[in-house]
Amino acid sequence: MDLGAALADHLEFLGELGVPGLSEDPAWRERPGERTAQAGGTAAGSQDEGAEVASNTAGAELEAVRLELGEDCDRCKLHRLGRRQVVFGVGNPEARLMFVGEAPGRDEDEQGIPFVGRAGQLLTKMIEAMGYRRDEVYIANVIKCRPPENRNPQPDEVFACEPFLFRQVEAIRPAVIVALGTFAAQALLKTQDSISRLRGRVFKYGGARLIPTFHPAYLLRSPERKRDAWEDLKRAKALLEQDGDPSSET
Ligand code: URA
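Residue numbers (our numbering): 379 to 628.
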């Protein structure tokens, strides 16, 4: 694809997300890498003064969680229902922005990486539309193994696996968590409410803010909801960029 076509493609995508035009605000256009150099951290990555230490700690803690989960986890029935591998998570262990999805699908099960299929490609575009790179955020799922035929996770599977998600969050200590879809929002918020009821609001999750939004797979089926999802992502970005007062819940 030549540059013009790529640009047209990107603008069309932004239009689908409901972005009315390109912002003149230089902060919005800044590349995250540039901000690292200028401010010692990116909106999506670490801003700690001791980022090196924090990184080592977060990375080591995350690795400990990965080891405890194990490559041959058999804590729920999914290990004998056709999963190829455990899909732990991917990204920057010191990310300030974390995305949580539902469960690996076929492509993720093959590659061992979350969100690499069609929904994953849309998620990557959404992250990039926010002005970040996929490798500076962290991406994980509520359950780490593919359910057969991509059916919904079952309660016993969520119960067995969600402690590992909670520990991933504890290791990373993100400032903002975007919960993608009903299962992620319900697991993290301990609610039975649907994503339609939950989205549009900001919740607390420990020291983080949690923003529920639609799952990218749902957005592929219902593109008219992309505008709402974009509003949620803009809110996530604004929270990342403000010098947060964690008490100002809406
Ligand atoms: N859907 C999810 O919820 N997670 C993935 O990793 C892929 C698709």
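Ideal Cβ positions, reconstructed from N, Cα and C, are used throughout, including at glycine. Because the structure is a prediction, the values reported are computed rather than measured.
Quick check on residue i: buried or exposed, where buried means 16 or more other Cβ atoms within 10 Å of its Cβ?
| i | result |
| --- | --- |
| valine 587 | With the sequence shown as reference, residue 587 is identified as arginine, and valine is not the correct amino acid for it. Arginine 587 is buried by the Cβ-count criterion. |
| leucine 445 | exposed |
| glycine 327 | What is shown of the chain runs 379 to 628, which leaves residue 327 out entirely. |
| asparagine 434 | exposed |
| glycine 423 | buried |
| aspartate 450 | exposed |
| leucine 618 | buried |
| alanine 438 | exposed |
| glutamate 390 | exposed |
| aspartate 452 | exposed |
| lysine 604 | buried |
| threonine 487 | For the record, residue 487 in the displayed sequence is aspartate; it is not threonine. Buried, because 16 or more other Cβ atoms sit within 10 Å of the Cβ of aspartate 487. |
| glycine 467 | buried |
| tryptophan 608 | buried |
| arginine 535 | Checking the sequence, you will find glutamate at residue 535 rather than arginine. So glutamate 535 ends up on the buried side. |
| alanine 616 | exposed |
| proline 525 | buried |
| alanine 557 | buried |
| proline 601 | exposed |
| alanine 386 | exposed |
| arginine 678 | The requested residue 678 does not occur in the structure, where the chain is confined to residues 379 to 628. |
| glutamate 472 | buried |
| alanine 421 | buried |
| alanine 436 | buried |
| alanine 442 | exposed |
In three-state terms, what does DSSP make of residue i?
| i | result |
| --- | --- |
| alanine 497 | helix |
| lysine 582 | strand |
| phenylalanine 592 | coil |
| arginine 587 | strand |
| valine 468 | strand |
| isoleucine 517 | strand |
| leucine 459 | coil |
| alanine 422 | coil |
| glycine 559 | coil |
| glycine 437 | helix |
| glutamine 504 | One point to set straight first is that residue 504 is methionine, not glutamine, in the sequence displayed. Three-state DSSP puts methionine 504 in a helix. |
| glycine 382 | helix |
| glycine 479 | strand |
| glycine 411 | For glycine 411, the predicted model reports a pLDDT of 38, less than 50, meaning its position is unreliable; a value from the coordinates is still stated below. Helix at glycine 411. |
Since residue i contacts residue j with CB under 8 Å, what's their CB separation in whole angstroms?
| i | j | result |
| --- | --- | --- |
| isoleucine 517 | proline 492 | 5 Å |
| proline 590 | alanine 563 | 4 Å |
| phenylalanine 592 | glycine 559 | 7 Å |
| valine 464 | leucine 447 | 6 Å |
| leucine 475 | valine 515 | 5 Å |
| methionine 504 | leucine 598 | So it is not a contact: roughly 12 Å between Cβ atoms. |
| arginine 461 | cysteine 523 | 4 Å |
Flag residue i as yes if its beta-carbon sits less than 9 Å from any beta-carbon of chain C, otherwise no.
| i | result |
| --- | --- |
| lysine 568 | Of the chains in the structure shown, none is chain C; there is only one protein chain. |
Original post:
Between the segment 496-515 and the segment 530-539, do at least 3 Cβ pairs fall closer than 8 Å?
Top reply: No contact exists between the segment 496-515 and the segment 530-539.
**OP:** Starting from the N-terminal end, write out each residue whose C-beta falls within a distance shorter than 5 Å of any non-hydrogen atom of the ligand URA.
**Re:** This criterion selects Gly479, Glu480, Pro482, Gly483, Glu486, Pro492, Phe493, Ala497, Asn519.
Original post:
Quick one: any contact between the segment 547-555 and the segment 494-507, if contact means 3 or more CB pairs under 8 Å?
Top reply: With fewer than three CB-CB distances shorter than 8 Å, the segment 547-555 does not count as touching the segment 494-507.
Subject >> Cβ contact (3+ pairs, closer than 8 Å) linking the segment 471-484 and the segment 569-584 >> reply: No: the two stretches stay apart, fewer than three of their Cβ pairs being nearer than 8 Å.
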